[in-house]
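Asks: One structure, pasted below without further comment.
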Amino acid sequence: MCTPEALAAYGGSAVFECLPERINQRFMRVASDIGEDPAMTNMILKQGKKVLLKKMLL
């Protein structure tokens with residue numbers, strides 16, 4: 007499961023803890039800034055935190 011960033015809300019501590027890894031993210035040794043939705047989700051899960059996906063009724 008992946009949280010789409012456009013609809014995601016993250017706790018500040020979860021984001022600050024993964025900033026160094028996010029800033030230095032690489033793919034095949036090249037700096038990468040694509041695929042950040044699953045990357046951010048995985049970084050937060052690695053912290054032992056939970057990711058919750060809620061359905062929104064519009």
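Residue numbering for the sequence shown follows this note's numbering, starting at 7 and increasing by one per position.
Yeah, the Cβ is synthetic: ideal placement off N, Cα and C, and Gly gets one too.
Predicted, not measured: the structure shown is a model, and the values here were computed from it.
1) Does the Cβ of residue 46 have 16 or more other Cβ atoms within 10 Å, making it buried, or fewer, making it exposed?
2) Which partner residues does residue 65 have in the DSSP bridge list?
3) How many Å lie between residue 57 and residue 16 at the Cα?
4) Using only alpha-carbon positions, find the residue among 48, 59, 34, 18 that is nearest to residue 27.
Replies: With the given structure in hand:
1) Here residue 46 is taken as the residue at index 40 of the sequence shown, counted from 1. Buried is the call here.
2) Any answer about residue 65 is impossible in this case: the structure gives the chain only from 7 up to 64.
3) As a position in the sequence shown, residue 57 is number 51, starting the count at 1. As a position in the sequence shown, residue 16 is number 10, starting the count at 1. Rounded to whole angstroms, residue 57 to residue 16 spans 9 Å at the Cα level.
4) In the sequence shown, the residue the question calls residue 27 occupies position 21. Checking every option, the nearest Cα to that of residue 27 belongs to 48.
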